[in-house]
Amino acid sequence: MEIKFADKDIELCNYEAAAFVAYDGEAEFGTLCEAKAQEVRKALADMNFSGKAGSVCKVAANCKSVKFIIASGAGKKTCANRLDHVRTAAYNAVRKAADYGCKSVALWLPDGKEAEYCRAAAEGVVLAGYRFDKYITDKEDDHFVVPEVTFVNANEASAREGQIIAESQNFARGIANEPANKIAPADLAAIALKLADELDLTCEIWDEKKIAAERMGAFLAVGSGSANPPRFIKLEYAPENAKKHIVLVGKGLTFDSGGLDIKPENFMLTMKGDKTGACAVLGAIRAAALLKLPVKVTAIICAAENMPSGSAFRPDDILTARNGKTIEVVNTDAEGRLTLADALCIASELKPGLIIDIATLTGACAVALGNSTAGVFSNNDEAADSVLAAGKRAGEGLWRLPMTDKNLREAIKGSFADVLNCGERYGGAITAAMFLEEFVADETPWVHIDIAGADFISKPRGYYCKGMTAFGTRTLINVLCGK
């Protein structure tokens, strides 16, 4: 998809569709002659279109200039979710144009000059062009993508930002959707190296021997049962004008069978997406570099495959993490937190201003919050608030869960080691976060985002098609932007 920009005096005859994002009760078609605008308003009224959020209608233009006029509702202008409604409305407008085979669309926004709304609309437009179909051999031309979208009388700088943000999320989705036979830990490391080469980033990769030498016993154990050895990935964007340092830690399980505590078959489906946290941090650092943000960003990924075999780690094993804490293994399917433990130790050693980890960590979080909202946990109120605010701007639902229950913290104390890798059934997302906190240095602001449930959708919803969403990527980018 190519995104272009034009002023308000464009020639409509150059486009196959004219699309308008409209607030509820405030549809404007100023670029059309008054007679045509009146005709469109009547046609939309006949279809009961008022601009309600999520509504979209197509009107035949009945003229030589454009084939269709599309109106896409963004809801009430005073709505608290107006930003995300604009994002969704832009997505809906482009998807509707694609459905009718339009090759070019001119798009008008009611607040086209306002930076944040133009940025959000551009995100919606770019998200409308994504799907994962690279392994489908017999592709029909089903007009899924509009090749050219032109923003009319819009804030170009902000729209370009939105384009980069959404393209970075699509980049993350593309990796997350890859199956485990295509992306093993070494392949994920190769993607990071390629990204570093393209964007002039620093990249460091450790193999299993180096991982062992670096005393990453928890991480190494998780990858011990697979024929595909683990890889430690450290990617860094360090501009000269950096005002702060943020470390992003992503869970990178390229496949999770559950290990010796093997998952039921229906729970193993979609486990190619257990690397979505890693994909999100790769997308975020990509955006930071392309946007030339004045912040140092370090992305850390402990990539592994959790498989059952004679060399796999076992229940009752006692592991030693990089910071010297010992871990009693209660369940080998609670493996992601083991990889994150060593990753958080290294992140803490860098002494950043903030650590954020993002992971498809617990089914308990999905049970608590559903599949549209991620859980947020933190040792620092200010850091948590910054992430929650970034999520709101990004249109990604986040909800902070408490870490103050002493009984839950007591539940992960080990009988034979410092800490258990899994608590009891109740409060599972919280005890998982409490476990991670054991490996964050004191006084280091830290936020954990549990995206289990939100990382995958089984049917199209909002501005997502079926598959891995890379949920959290836009939130991370907004944190880095400081907006």
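Just so you know, we're using this note's numbering here: the sequence shown kicks off at 37 and counts up by one. Quick reminder that beta carbons are idealized off the backbone N, C-alpha and C, glycines included. Because the structure is a prediction, the values reported are computed rather than measured.
Mind checking whether S140 and E184 have CB atoms under 7 Å apart? For the purposes of this step, residue 140 is taken as the residue at position 104 of the sequence shown. For the purposes of this step, residue 184 is taken as the residue at position 148 of the sequence shown. Yes, the Cβ-Cβ distance between S140 and E184 is below 7 Å.
Hey, D486 and C381: beta-carbon distance below 7 Å or not? Translated into the one-based positions of the sequence shown, residue 486 becomes position 450. Translated into the one-based positions of the sequence shown, residue 381 becomes position 345. Cβ atoms of D486 and C381: not closer than 7 Å.
With DSSP as the reference, label T362 as helix, strand or coil. As a first step, residue 362 must be located in the sequence shown, where it is residue number 326. DSSP places T362 in strand when its eight states are reduced to three.
Bridge-paired residues (DSSP) for S194: On the sequence shown, position 158 is the one that residue 194 refers to. Bridge partners of S194: none, in fact.
Drop a sphere of 10 angstroms on the beta-carbon of P388, count the other beta-carbons inside from all chains shown, and report buried for 16 or more, exposed for fewer. For this step, residue 388 is matched to residue 352 along the sequence shown. Buried is the call here.
Note down, one range per segment and in chain order, each alpha helix (DSSP H) of at least 4 residues found wholly within the stretch 149 to 182. 151 to 163
Give me the Cα-Cα distance between N342 and E371, rounded to the nearest whole angstrom. For this step, residue 342 is matched to residue 306 along the sequence shown. For this step, residue 371 is matched to residue 335 along the sequence shown. Taking the straight line joining both Cα atoms gives about 7 Å.
Below 8 Å on the Cβ atoms is my guess for I337 versus I269; work out the distance and round it to an integer in Å. Translated into the one-based positions of the sequence shown, residue 337 becomes position 301. Translated into the one-based positions of the sequence shown, residue 269 becomes position 233. At roughly 4 Å, the Cβ-Cβ gap stays under 8 Å, so I337 and I269 are in contact.
Where does I241 fall in DSSP's three states? Mapped onto the sequence shown, residue 241 falls at position 205. I241: strand per DSSP, three-state reduction.
Going by CA-CA distance only, name the one from C458, D441, L329 and A419 that's closest to I201. As a first step, residue 201 must be located in the sequence shown, where it is residue number 165. Closest by alpha carbon: L329.
Is the CB-CB distance between F475 and A377 below 7 Å? Indexing the sequence shown from 1 puts residue 475 at position 439. Indexing the sequence shown from 1 puts residue 377 at position 341. Yes; because the gap between Cβ atoms is below 7 Å, this pair is in contact.
As an exercise, report each continuous alpha helix (DSSP H) stretch of at least 4 residues that is fully enclosed by the stretch 268 to 308, in chain order. 301 to 304
Whole alpha helix (DSSP H) runs in the stretch 391 to 466 with 4 or more residues, listed along the chain? 399 to 405, 417 to 430 and 442 to 447
Can you list, in chain order, the residues of its chain whose CB lies under 6 Å from that of A323, leaving out five sequence neighbours each side? Locating residue 323 in the sequence shown gives position 287, counting from the first residue. Here the set comprises I200, I201, S204 and I513.
Threshold first: 4 residues or longer. Then list the alpha helix (DSSP H) segments lying entirely within the stretch 241 to 266, N to C. 244 to 249 and 253 to 258
Which one or two residues does DSSP pair with S140 in a beta bridge? The sequence position of residue 140 within the sequence shown is 104, counting from 1. DSSP, once it has assigned bridges, lists E184 as partnering S140.
Classify G463: buried if its beta carbon has 16 or more other beta carbons within 10 angstroms, exposed otherwise. Against the sequence shown, residue 463 aligns to sequence position 427. The residue is buried, with at least 16 neighbouring Cβ atoms inside 10 Å.
Select from L326, G411 and V76 the residue whose C-alpha is nearest the C-alpha of I394. Translated into positions along the sequence shown, residue 394 becomes position 358. Of L326, G411 and V76, the residue nearest in Cα terms is G411.
Report back the beta-carbon spacing between R118 and G160 to the nearest angstrom; my notes put them in contact at under 8 Å. Taking the first residue of the sequence shown as 1, we reach residue 118 at position 82. Taking the first residue of the sequence shown as 1, we reach residue 160 at position 124. With a Cβ gap of about 13 Å, R118 and G160 do not count as contacting.
With DSSP collapsed to three states, give me the class of C501. Here residue 501 refers to the residue found at position 465 of the sequence shown. In this structure, C501 counts as coil in the three-state DSSP scheme.
CB contact below 7 Å: T306 versus chain D: Although the question refers to chain D, the structure presented lacks it and comprises just one protein chain.
Please state if the CB of N367 and the CB of G489 are separated by a distance shorter than 7 Å. As a first step, residue 489 must be located in the sequence shown, where it is residue number 453. As a first step, residue 367 must be located in the sequence shown, where it is residue number 331. Against a cut-off of 7 Å, the Cβ pair of N367 and G489 comes out as no contact.
Using the C-alpha atoms, what's the distance from S422 back to T511? Reading the sequence shown from its first residue, position 475 is the one you call residue 511. Reading the sequence shown from its first residue, position 386 is the one you call residue 422. Answer to the nearest angstrom: the Cα atoms are 10 Å apart.
Applying the criterion that 16 or more other CB atoms from any shown protein chain within 10 Å of the CB defines a buried residue, is F452 buried or exposed? Stepping through the sequence shown from its first residue, residue 452 is reached at position 416. Under this definition F452 is an exposed residue.
Drop a sphere of 10 angstroms on the beta-carbon of P481, count the other beta-carbons inside from all chains shown, and report buried for 16 or more, exposed for fewer. In the sequence shown, residue 481 corresponds to position 445, counting from 1. Answer is buried; the Cβ neighbour count reaches 16.
Using only the alpha-carbon positions, how far apart do M504 and T334 sit? For the purposes of this step, residue 504 is taken as the residue at position 468 of the sequence shown. For the purposes of this step, residue 334 is taken as the residue at position 298 of the sequence shown. Using only the alpha carbons, I get a separation of about 24 Å.
Alpha helix (DSSP H) containing T511: first to last residue? For the purposes of this step, residue 511 is identified with residue 475 of the sequence shown, where counting begins at 1. Unbroken alpha helix (DSSP H) run through T511: T509 to C517.
Is it right to say K311 is buried, meaning 16 or more other beta carbons lie within 10 angstroms of its own, or is it exposed? Reading the sequence shown from its first residue, position 275 is the one you call residue 311. The residue in question, K311, is buried, as its Cβ has 16 or more Cβ neighbours within 10 Å.
At 3 residues or longer, and completely inside the stretch 59 to 109: list those beta strand (DSSP E) runs for me, N to C. 92 to 96 and 104 to 109
Relative to the C-alpha of G431, which residue among Y500, C458 and D369 is closest? Against the sequence shown, residue 431 aligns to sequence position 395. Residue Y500 is the option with its Cα nearest to G431.
Which two residues bound the contiguous beta strand (DSSP E) that contains A546? With the chain covering 37 to 519 only, the question about residue 546 has no answer from this structure.
Buried or exposed: where does M83 fall if 16 or more other Cβ atoms within 10 Å of its Cβ makes it buried? Mapped onto the sequence shown, residue 83 falls at position 47. Counting Cβ neighbours within 10 Å, M83 comes out exposed, since fewer than 16 surround it.
To which residues does DSSP link L355 through a beta bridge? Position 319 of the sequence shown, counted from the first residue, corresponds to residue 355. Its beta-bridge partners are I363.
Less than 7 Å between C-beta atoms, sequence neighbours within five positions excluded: which residues of the same chain meet that for A220? Residue numbering aside, residue 220 sits at position 184 when the sequence shown is read from its first letter. Result list for A220: N264, T290 and E341, in chain order.
How would you label C138, buried or exposed, when you count the other beta carbons within 10 angstroms and need 16 or more for buried? On the sequence shown, residue 138 is found 102 positions in, with the first residue counted as 1. Looking at its Cβ environment, which holds 16 or more other Cβ atoms inside 10 Å, C138 is buried.
Hey, quick one: how far does the alpha helix (DSSP H) through E385 stretch, first residue to last? Along the sequence shown, one-based indexing puts residue 385 at 349. Counting along the chain, the alpha helix (DSSP H) containing E385 begins and ends at G372 to E385.
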